[in-house]
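Asks:
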Amino acid sequence: MKKCVFVFIIFLLVGTVITSKPKVYADSQKVTVNANILNIRSGPGLSYPIIQKGKAGDRFTLLQTKDDWYEVQLSNEKKGWVASWLVTVNSQSKATSGIVTVNDLNLRTSPELSSSIIQKLQTGQRVQILETNNEWFKITVEGSTGWVSSNYIRLTSKSSVTSNGEMVTILNNGTNLRSEPSIQSSIVEIGNSGETFSVIEKDNDWYKIKLNGGKTAYVASWVVSSTVKMNRTKSNKVNTKGLKGKTIVIDPGHGGRDSGTIGITNTLEKNVTLKTAELLANKLRNAGANVFLTREDDRYVSLPSRVSVSKINHADAFISLHYDSINDQSITGHTSYYYHSMQKILAQNINRGISNETVLKDRGVKFGNFHVIRENTQPAVLLELGYLSNPLQEIAINSQDYQESITKGIYNGLVDYFK
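Everything in the sequence shown is counted per UniProt numbering, starting at 1 for the first residue and increasing by one.
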């Protein structure tokens, strides 16, 4: 009888061990922290010591479960256990594609601004998104894996659309025509300015085109003009009123080795355009707009690259900021330029906004053959915001009051445009 009882007890113990065996996850599932502060412990229970703390929104890879506890992978290659009732389990989706929307985007070793920079990414580069962490994406690009700010990656799908007689024209000499819709793919042929090709289909931000001799290639949409695109009067986004949710690209003229015009007392145009851009960007962001700058520091950016930021982000408005100069030092005022007819209404609204907010002489809304508005298929304007060649206006341009008035005028013009 004692032997039977002993065997029964052993059976219960073994059964208990079997039922509490941890479940191991082969596929990469994630847990997201729900609590403000999460204690991560060395074992699956409250009696185990705390080895690390997590905060709301942190995500960890789920390794296995035991009872009401999850074992997770920590960033320092250690492992820890978290209470299941303080986190949410999410299956990790398959890698998503994205496109870099700015130049010199830092790829970092971890999702922190203080972490080391692995390399810099450029506008138009395709990336694969592996996971997210608050406002960061973990990506892989050209064999490197790291973290980037999610604000500068535009998500894309893998779908393609068949063209209906669309044609594209190359904008610049030496344009690369590639074997695949990626700037990492091999170059099939070199295209030159003015060459026109039939579009077979569109694959996100790339065109599959037909070459002479029946061959095909891919060309990036931001280095060509399209017969269909040029007939648009607005972007193909849902037309909602107000600045909130609008995408606005601000282009601080010049930069780096290109100083722009130089004032009587050596004010560099490139410096004041950046100052104006930063002030305007803050006003627009506070109103809920999505704002991109073609440069955020003193560096050279080519004209095609500036236009590409507008195209890739499908800008609702592109604003190129400049300051003027002329031999006649008595000339003052501001001027607003457009190239395509569909850009004129934007120029008129902004020009009126500046005139209403400042005492500057209104030199009018004019046609201007400038690259950044000529090659831009989005609503775009180029603004000359004063004359650095006029000694008094140069002093004013460098003042905070002048900058506040100018940017408020541009802001008000955009508000009117999006009414």
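No residue lacks a Cβ here, since even glycine has one placed at the ideal position from N, Cα and C.
Does DSSP classify S225 as helix, strand or coil?
Replies: Here S225 sits in strand by DSSP.
Asks: Please report how far the alpha carbon of S116 lies from the alpha carbon of T109, in whole angstroms.
Replies: The alpha-carbon atoms of S116 and T109 are separated by roughly 6 Å.
Asks: Assign L388 to one of three DSSP states: helix, strand, or coil.
Replies: In this structure, L388 counts as coil in the three-state DSSP scheme.
Asks: Going straight from the alpha carbon of S159 to that of D203, what length do you get?
Replies: Any reading at S159 is ruled out, since the residue's pLDDT is 46, under 50, leaving its predicted position unreliable.
Asks: Taking the C-alpha atoms as reference points, what is the distance between W136 and L74?
Replies: One C-alpha to the other measures close to 17 Å.
Asks: Beta strand (DSSP E) containing Q52: first to last residue?
Replies: Residues 50 to 55.
Asks: Taking all protein chains shown into account, decide if W81 is buried (16 or more other Cβ within 10 angstroms of its Cβ) or exposed.
Replies: The residue is buried, with at least 16 neighbouring Cβ atoms inside 10 Å.
Asks: For Q52 and S42, what's the separation of their Cα atoms in angstroms?
Replies: The alpha-carbon atoms of Q52 and S42 are separated by roughly 9 Å.
Asks: Is it the case that the Cβ atoms of S274 and D298 are separated by a distance below 9 Å?
Replies: Per the sequence shown, the amino acid found at residue 274 is Leu instead of Ser. A contact, by the Cβ cut-off of 9 Å.
Asks: Can you tell me the Cα-Cα spacing of Q122 and S144, whole angstroms?
Replies: Cα to Cα, Q122 sits roughly 14 Å from S144.
Asks: Find the nearest neighbour of P181 within the set G174, G98, T169, N172, judged by alpha-carbon distance.
Replies: Nearest of G174, G98, T169, N172 to P181, Cα basis: G98.
Asks: Kindly indicate which three-state DSSP category V381 falls into: helix, strand or coil?
Replies: Here V381 sits in strand by DSSP.
Asks: Measuring CB atoms only, is the region 99 to 107 touching the region 53 to 72, in the sense that at least three cross pairs come out at less than 8 Å?
Replies: No, the region 99 to 107 does not touch the region 53 to 72.
Asks: First and last residue of the alpha helix (DSSP H) that includes Y411?
Replies: Here the alpha helix (DSSP H) through Y411 covers 400 to 417.
Asks: Is it a yes or a no for the region 207 to 227 touching the region 336 to 353, going by three-plus beta-carbon pairs under 8 Å?
Replies: Contact fails: fewer than three Cβ-Cβ distances are below 8 Å.
Asks: Given this structure, state the Cα-to-Cα distance separating T175 from N212, to the nearest angstrom.
Replies: Near 16 Å, if we compare the C-alpha coordinates of N212 and T175.
Asks: State yes or no: is the C-beta of I40 within less than 9 Å of the C-beta of V72?
Replies: Going by C-beta atoms, I40 is nearer than 9 Å to V72.
Asks: Per DSSP, what kind of secondary structure is E357 in: helix, strand or coil?
Replies: DSSP places E357 in helix when its eight states are reduced to three.
Asks: According to DSSP, simplified to helix, strand and coil, what is T16?
Replies: Confidence at T16 is low in this model, with a pLDDT of 41, below 50, so its placement is unreliable and no value can be given for it.
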